[in-house]
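Asks: Protein chains in written order, with our numbering: chain A, 1 to 212; chain B, 1001 to 1212. Here a beta-carbon is modelled for each residue, glycine too, at the ideal position from N, C-alpha and C. Quick one: the structure is below, and I'll ask about it shortly.
2 protein chains.
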Amino acid sequence: MKKDIETIEERVRELLQSSERGAHTYDHSLRVLKIALEIGQEEDANLKVVGAAALLHDIGRAEERETGISHAILSGEMARPILEEVGFSREEISLVIDAIRTHRFSEDLTPNTLEGEILSDADKLDAMGAIGAYRAIAQSAVTGVGIEGFLSHADEKLLRLNQLLHTPSGKALGKQRHRVLELLVDELRREVASTEGLTTPELSSIPDMRGE
Amino acid sequence: MKKDIETIEERVRELLQSSERGAHTYDHSLRVLKIALEIGQEEDANLKVVGAAALLHDIGRAEERETGISHAILSGEMARPILEEVGFSREEISLVIDAIRTHRFSEDLTPNTLEGEILSDADKLDAMGAIGAYRAIAQSAVTGVGIEGFLSHADEKLLRLNQLLHTPSGKALGKQRHRVLELLVDELRREVASTEGLTTPELSSIPDMRGE
């Protein structure tokens, strides 16, 4: 196993660090790996499959941007030769690719194995909590959609992720992360509301309280 | 007063929206204005001076990037002709410029008027709370320093701002904002710690619990 997982990690690093938003996606993959292994241990899953699927689940992102094909499909296809190279069995390869294909929030595919559920949970957990907020805010800054864009994204996606968790361990990890996300979004909305909508009529009503 | 503050706001919008990071700085100026007026009302300050100082406090930012001179000094200088244009008295102009010159965290100038203290408090409050976190995360994404860069900035600056507030009303507003910031930073650090430091030896110890 030692050489297997090291080789997979090497391939993932090469693929993700060379792509445009590389560092971010590679860091994300390592965090998903760690969360997936934590859940996998508690849920008594096949950790070899879980670990490989977590590391490889986003390797098709750069190609998605070029082709428009979902990275869940692309990552699955790109994973096959790497898994063959490190000597995974046909059954293991099939389990890994199946997990990768069904991990994505935006598609309507439900994982049908424990390992697929774990990858899906780990990926969602990294989009929740303080790290999820950090990632979404960074994205909103880079794309220029601003605070309002972040708040919409939080309402439409981030704050719904806790309902999409599959495993008991994933749901347990999700509780604190959901709470933090909710608190931050509520407070941001409160602060924005308290300082926005300052219109010119309101401005012109400023009195000079000390007279003049 | 009506025409005065409208004209000032127009000049600020022209100056800040045309500069590189314009939209952001203009939004920030409007939020500082609103917070400053809220504190100013409670502290019975000269709202004409407070409002003008809040709107004008960052207009020298673009020139700071070109010249390296502190925007607190530049904004003060650039404010003078605008304030003369709208008919502020010499005493009012001197109070506004004085407040602008002493608002900055990074310089060691302490405000010596109530209006200066209010501008300084309002500017710091917009760097605290969920909005402060949002602004700092957006900045860390744009400059590429990442999560670690954000956490350092939070430790070195954001989490110390509550100790630098001057007015009773500013300190009251700062309590909730400081708590939110602290919670987010603690949780982010906890989440990062729980998923980082996954080294190759650790990876290679992944067992296949279902055997093979």
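Would you kindly check if the distance between the Cβ of B:L1037 and the Cβ of B:V944 is under 8 Å?
Replies: Residue 944 of chain B is absent from the model: chain B starts at 1001 and stops at 1212.
Asks: Give me the chain B residues within the contact set of A:T167, using Cβ-Cβ distance strictly less than 8 Å, ordered along the chain.
Replies: Per Cβ cutoff of 8 Å: no residues; A:T167 is ~15 Å from chain B at best.
Asks: What residues in the segment 1160-1187 of chain B bring their beta carbon closer than 9 Å to a beta carbon of chain A?
Replies: Within the segment 1160-1187 of chain B, the residues whose Cβ lies closer than 9 Å to some Cβ of chain A are Q1176, R1177, V1180, L1183, L1184, V1185, D1186 and E1187, listed in chain order.
Asks: Hey, is B:T1195's beta-carbon within less than 8 Å of any beta-carbon in chain A?
Replies: Closer than 8 Å to some Cβ of chain A, the Cβ of B:T1195 qualifies, so yes.
Asks: Which of the three DSSP states is assigned to B:G1087 in this structure?
Replies: coil
Asks: Run through chain B and tell me which residues come within less than 9 Å of A:I118, C-beta to C-beta.
Replies: The contacting residues do not exist; A:I118 stays about 12 Å from chain B at best.
Asks: Please list, in chain order, the chain A residues whose beta carbon lies closer than 7 Å to that of B:K1124.
Replies: Ordered by position in chain A, no residue passes the 7 Å Cβ test against B:K1124, which lies about 14 Å from the chain.
Asks: Between the segment 86-95 of chain A and the segment 57-73 of chain A, are three or more C-beta pairs nearer than 8 Å?
Replies: no
Asks: CA-CA distance, B:R1065 and B:A1141?
Replies: 19 Å
Asks: Under 8 Å by Cβ, that's how I've got B:D1123 and B:V1032 pegged, so tell me the actual separation to the nearest angstrom.
Replies: Rounded, the Cβ-Cβ distance is 5 Å, consistent with contact.
Asks: Select from the segment 1128-1149 of chain B all residues with a C-beta closer than 8 Å to any C-beta belonging to chain D, and list them in chain order.
Replies: The chain inventory of the structure shown lacks chain D, comprising the protein chains A and B.
Asks: When Cβ atoms are compared, which residues of the segment 1023-1039 of chain B fall closer than 9 Å to chain A?
Replies: A1023, H1024, D1027, L1030, R1031, V1032, L1033, K1034, I1035, L1037 and E1038
Asks: Counting along the chain, where does the alpha helix (DSSP H) carrying A:S169 start and finish?
Replies: Per DSSP, A:S169 is one residue of the alpha helix (DSSP H) stretching across P168 to T195.
Asks: If A:M128 and A:L184 are in contact, beta carbons under 8 Å, what's the gap, nearest whole angstrom?
Replies: Not confirmed; about 11 Å, so no contact.
Asks: Considering just the uninterrupted stretch of the alpha helix (DSSP H) at A:A122, what are its terminal residues?
Replies: For A:A122, the enclosing alpha helix (DSSP H) starts and ends at L114 to L125.
Asks: Does A:I97 come out as helix, strand or coil in the three-state DSSP assignment?
Replies: DSSP places A:I97 in helix when its eight states are reduced to three.
Asks: Under the rule that 16 or more other beta-carbon atoms within 10 Å means buried, what is B:G1144, buried or exposed?
Replies: exposed
Asks: Starting from A:H153, trace the alpha helix (DSSP H) in both directions and tell me its first and last residue.
Replies: Residue range G146 to E156 is occupied by the alpha helix (DSSP H) that includes A:H153.
Asks: At 8 Å on the CB atoms, spell out the chain B contacts of A:V192, in chain order.
Replies: I1131
Asks: Where does B:N1112 land, buried or exposed, given buried means 16+ other C-beta within 10 angstroms?
Replies: exposed
Asks: Between the alpha carbons of B:D1126 and A:N46, how many angstroms are there, rounded?
Replies: Approximately 48 Å, taken between the alpha carbons.
Asks: Counting along the chain, where does the alpha helix (DSSP H) carrying B:I1131 start and finish?
Replies: G1129 to T1143
Asks: Measure the C-alpha to C-alpha separation of A:Q176 and B:E1196 and round it to an integer number of angstroms.
Replies: 19 Å
Asks: Please classify B:T1067: is it buried, with 16 or more other beta-carbons within 10 angstroms of its beta-carbon, or exposed?
Replies: Counting every other CB atom within 10 Å of its CB across the protein chains shown gives B:T1067 a total below 16, marking it as exposed.
Asks: Among B:E1115, B:I1008, B:P1081 and B:A1133, which residue has its Cα nearest to the Cα of B:L1161?
Replies: B:A1133
Asks: When the Cα of B:R1101 is compared with those of B:G1060, B:R1189 and B:E1091, which residue comes out closest?
Replies: Cα-wise, what sits closest to B:R1101 is B:G1060.
Asks: Looking at chain B, is there any beta carbon in it that lies within less than 8 Å of the beta carbon of A:E14?
Replies: False, the Cβ-Cβ gap to chain B never drops below 8 Å.
Asks: Let me make sure I understand the geometry here. Which of B:L1119, B:I1005 and B:K1157 has the alpha-carbon closest to that of B:A1136?
Replies: B:K1157
Asks: Return yes when the Cβ of A:A130 is within less than 8 Å of the Cβ of B:E1191, no when it is not.
Replies: yes
Asks: Which term fits B:K1003, buried or exposed, when burial requires 16 or more other beta carbons within 10 angstroms of its beta carbon?
Replies: exposed
Asks: What separation, rounded to the nearest whole angstrom, lies between the Cα atoms of A:L28 and B:E1010?
Replies: The question names Leu, but residue 28 of chain A in the sequence shown is His. A:H28 and B:E1010: Cα-Cα distance of roughly 44 Å.
Asks: Thinking C-alpha only, which one of B:Y1026, B:I1147 and B:V1096 is nearest B:D1058?
Replies: B:Y1026
Asks: Since I believe A:R104 is in contact with A:L151 (beta carbons under 8 Å), could you give me their beta-carbon distance rounded to a whole number of angstroms?
Replies: Actually they do not touch by this definition, with Cβ atoms about 23 Å apart.
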